[in-house]
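One structure is given here, and the rest of the page talks about it.
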Amino acid sequence: MTTDPNAAGVVWARVEDGFHVGSRRGEFLGYIERQSDGAFAAFDMHSRPAGRFAVITHAMSALTAQPPRPHPVRR
Numbered sequence: 031m032t033t034d035p036n037a038a039g040v041v042w043a044r045v046e047d048g049f050h051v052g053s054r055r056g057e058f059l060g061y062i063e064r065q066s067d068g069a070f071a072a073f074d075m076h077s078r079p080a081g082r083f084a085v086i087t088h089a090m091s092a093l094t095a096q097p098p099r100p101h102p103v104r105r
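Residue numbers 31 to 105, in our numbering, belong to the letters of the sequence shown in order.
Laid out in structure tokens, this is it:
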């Protein structure tokens, strides 16, 4: 597992070669897939495309920049 020191609570895990998943404080952020041309495709927590990047750290930053989801209020 890797963590981004610039993003509090964000953890990245390499599931297999070319496939990474991210979470923030236990909440799923999204995933990154290396494409056949070497680019990195990022997908958000709903599997919607978040962009293509030449560098994996840029893909990670794009997903990390998403605002945290609000926690539901329990009554």
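Note that CB positions come from ideal geometry on N, CA and C, so glycine has one too.
Checklist entry - Who are residue 50's beta bridge partners in DSSP? => result Within the sequence shown, numbered from 1, the residue matching residue 50 stands at position 20. 44, 62.
Next on the checklist: Could you compute how far the alpha carbon of residue 74 sits from the alpha carbon of residue 51?
Outcome noted: Within the sequence shown, the letter at position 44 stands for residue 74. Within the sequence shown, the letter at position 21 stands for residue 51. Cα-Cα distance, rounded: 10 Å.
Checklist entry - For residue 77, which option in 63, 67, 39 has the closest C-alpha, if you only look at C-alpha atoms? => result Numbered from its first residue, the sequence shown carries residue 77 at position 47. Comparing Cα positions, the closest option is 63.
Item to check | residue 92: first and last residue of the uninterrupted beta strand (DSSP E) it sits in | outcome: Here residue 92 refers to the residue found at position 62 of the sequence shown. Unbroken run through residue 92 is the alpha helix (DSSP H), 86-94; no beta strand (DSSP E).
Checklist entry - Helix, strand or coil: which one does DSSP assign to residue 82? => result Looking up residue 82 in the sequence shown gives position 52. Here residue 82 sits in strand by DSSP.
Checklist entry - Are the CB atoms of residue 84 and residue 93 nearer to each other than 9 Å? => result For the purposes of this step, residue 84 is taken as the residue at position 54 of the sequence shown. For the purposes of this step, residue 93 is taken as the residue at position 63 of the sequence shown. For residue 84 and residue 93, no; Cβs fall outside 9 Å.
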